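Structure first, then comments.
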Amino acid sequence: MNTTAHTETELPRDAFAALTERLRLVQSEIAAECARTGRDARSVKLIAVSKTKPAADIAAASAAGQRQFGENYVQELLSKWNDAALNPLDIDWHFIGHLQSNKVKQIVARVSMIHTVDRLSLAEEISKQAGKVNRQIPVLLEVNISGETTKSGLAPDAVLDAAEKILPLPHLKLSGLMTIASPERECVKREFDEMHALFTRLQTRAGQGISELSMGMSGDFDLAIEAGATMIRIGTAIFGAREKR
Ligand SMILES: *Cc1c(COP(=O)(O)O)cnc(C)c1O
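As numbered in my numbering, residues 18 to 262 make up the sequence shown, in order.
So this is what it looks like as structure tokens:
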């Protein structure tokens, strides 16, 4: 590795210590919530959501042992993928943003999971493009559990039908479900419980290949763990507040 090329992408020592500390705090909160609810802490994977944050933040979290990172925007994911400081690191990229079908080919060789499949045509495009690079990409179906019209995602009662059509696609592997809960905390527990029920029904229908339930963010991951999440996506609590885009 060429260390001189890295200096400008390294965080100052204080900022590095602060980020590491926030990551440790999140990890210990996950462990505490798992202990409280009788879950094995290894059954909850932490995805560090690094959208809008610089490569230096990602490099710092990686140095602190974080491996899975979530990004929402294709261009940003590509520029981080190509970043000389991040490229050599052992990072699994999760795509968690709204995905246009015409951009699938740009990320299909680079992501370890796509969390946001919300329509059959997108699944078909992922399978087609993944086939060209000889991959089978794990994907999750995004569910609009709160029913808010501003959110993408399948209606809960459309999930099993969509799964039936997506399961036979050769170059993707349907691995579970993802959701973003509504902002009102009093609704969140019921929404996460509904997601878990749907997840269990999908498992019954499609088998143990359905292993991931991606839900819970900085403000509600405790409730998500309680409801059975296997992946939680945390940005703000690790990297600090984001500027509005
Ligand atoms: C931004 C984002 C997150 C992280 O949200 P925080 O509240 O910052 O933890 C998680 N999931 C998705 C889909 C996001 O877009």
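For every residue, glycine included, the Cβ atom is placed at its ideal position computed from N, Cα and C. Please read all numbers here as calculations on a predicted model, not as lab measurements.
Under 8 Å between C-beta atoms of residue i and residue j
| i | j | result |
| --- | --- | --- |
| Gln146 | Lys122 | yes |
| Gly224 | Lys190 | no |
| His111 | Ile154 | no |
| Gly82 | Ile64 | no |
| Ala85 | Lys62 | Note that residue 85 corresponds to Gln in the displayed sequence, not to Ala. Yes. |
| Phe256 | Asp74 | yes |
| Leu230 | Thr253 | no |
| Glu142 | Leu186 | no |
| Ile251 | Ser228 | no |
| Glu165 | His132 | no |
| Val150 | Val134 | no |
Simplified DSSP assignment, three categories, for residue i
| i | result |
| --- | --- |
| Val134 | strand |
| Met18 | Model confidence at Met18 stands at a pLDDT of 42, short of 50, so the residue's coordinates are unreliable; what they give is reported in the following sentence. Here Met18 sits in coil by DSSP. |
| Gln85 | strand |
| Lys70 | coil |
| Lys4 | Since the first residue of the chain shown is 18 and the last is 262, residue 4 is not available in this structure. |
| Glu165 | coil |
| Ile154 | strand |
| Asp107 | coil |
| Glu260 | coil |
| Ile113 | coil |
| Ala126 | coil |
| Thr247 | coil |
| Val91 | helix |
| Glu142 | helix |
Assumed close pair residue i, residue j - CB separation to whole angstroms, cut-off 8 Å
| i | j | result |
| --- | --- | --- |
| Leu240 | Leu194 | With 8 Å as the limit, Leu240 and Leu194 do not qualify as a contact, their Cβ atoms being about 16 Å apart. |
| Asp210 | Ala244 | 5 Å |
| Ala78 | Leu36 | 6 Å |
| Val176 | Leu219 | 7 Å |
| Asp109 | Ser96 | About 18 Å separates the two Cβ atoms, so there is no contact after all. |
Neighbour-count burial assignment, residue i, 16 or more Cβ in a 10 Å radius
| i | result |
| --- | --- |
| Asn161 | buried |
| Thr54 | exposed |
| Asp107 | exposed |
| Pro173 | buried |
| Lys261 | exposed |
| Ala102 | buried |
Closer than 7 Å: residue i CB and nearest ligand 2 heavy atom
| i | result |
| --- | --- |
| Val160 | As far as ligands go, the structure on display features ligand 1 and does not contain ligand 2. |
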